[in-house]
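Down below is the structure, laid out as structure tokens.
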């Protein structure tokens, strides 16, 4: 019941209930939450608490398929006439950012007064290794992508849109440009970007496309920009056309232990072993399983996890490729500093985390870290810098919450 950054949904089904595809099984409980819908038809066999891939204990609804894949008869395209009904439709659809962040899309459409966007930035960079979901969406569904962009521009009153995509994806660039030309869209532009990591990071992308710098601690609306993933805008078009909520996810299955690497379209909630088996299985015992990309993904302690809305890849590596390096003392080489796209000092942050020095963490802008993993990758001492910084962020936020409660 937790597939977004906000509070978990409240389960509205119980053991023995019959459900159909598109039926609500989890109601949103706050502004930062979106409903969860059944992705298959069948019978609810249990509602249990389990530890999810995020490490949090969450409520899980288990549905036994009836093998018929029946749709909820009440589903129909939403009636959208203005900004308010557009935002309402997005929330009802269960849509979150499909690039991996899981931030409810309808909340992005509600910037503070005076910070309305004047440019829509579409993230099609997909800079993480292995993952090719967004690329295939651009090649196969450019019509729905441009249609979704036009919907957002119309209802949000945004005059122009910029699609950022790396130059190593010429087929995608060509497909999008052809569709724009076909529709005679003069306010939508595809901008090829240098192929480098992390080109798709939100703040990096905004600067590359607009020249605007998001301030420390700021968000895209602080520079009058709305950023959406390219697959997200495609889904907006699909939902407004069909009324089918977000119940399926396209993701990349890859890694040295995977027999047939490929992109698959699966029901949300499908188990990872079932998805891997559908691709042809594994060629060796898994040494490491990563949900997401190799740089920013989460390593799983077991295969028995389920696909959720934020997933864009499952990578399974053999024991040789999946081995965890032994951490050794920092040698002060400065590589982590030179590769940091946010111009932070990872080694200093790591030291401050170990000393539990919250003031120093704030002074060195730990919350500006985007956790891209560049520091980890470049470190010859194999320091676990990203994990350390994540721990530091928890410390800083806990200190701020304590201070707020006492004021």
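Residue numbers (my numbering): 343 to 749.
Where a beta carbon is used, it is the ideal one built from N, C-alpha and C, also for glycine.
Asked	Found
For residue 428, the three-state DSSP class (helix, strand or coil)	helix
C-beta contact flag for residue 714 and residue 678 at 7 Å	no
Nearest-angstrom Cβ-Cβ length linking residue 589 and residue 379, presumed shorter than 8 Å	5 Å
Any 3 or more C-beta pairs closer than 8 Å across the stretch 665-674 and the stretch 719-733	yes
Segment contact flag, the stretch 381-388 with the stretch 350-364, C-beta cutoff 8 Å, min 3 pairs	yes
Same chain, Cβ closer than 7 Å to residue 711, five either side skipped, listed in chain order	684, 686 and 731
8 Å CB neighbourhood of residue 518 in its chain, flanking five on each side removed	466, 480, 484, 487, 488, 505, 507 and 532
Identified DSSP bridge partners for residue 594	605 and 655
Buried versus exposed, by CB contacts within 10 Å (16 or more), residue 576	buried
Buried or exposed by the 16-neighbour rule on C-beta atoms within 10 Å, applied to residue 604	exposed
Beta-ladder partner(s) of residue 413, from DSSP	363
Contact set for residue 727: own chain, Cβ-Cβ below 7 Å, skip 5 residues either direction	678, 688, 692, 717, 718 and 721
Nearest-angstrom Cα separation, counted from residue 421 out to residue 737	45 Å
Beta-carbon proximity list for residue 651, same chain, < 8 Å, skipping 5 on both sides	345, 346, 436, 438, 440, 444, 588, 591 and 610
Three-state class that DSSP yields for residue 624 in the structure shown	strand
Supposed close pair residue 568, residue 500 - CB separation, criterion 8 Å	7 Å
Residues near residue 510 by beta carbon distance below 7 Å, same chain, minus five either side	537
Rounded separation between residue 586 and residue 563 - CA only	29 Å
Simplified DSSP assignment, three categories, for residue 718	helix
Range covered by the beta strand (DSSP E) that runs through residue 632	630-633
Residue 617 (DSSP reduced to helix, strand or coil)	helix
Chain-order list of residues whose beta-carbon lies under 7 Å from that of residue 543 (same chain, five-residue window excluded)	683, 712 and 714
Test item: CB-CB of residue 656 and residue 608 under 7 Å	no
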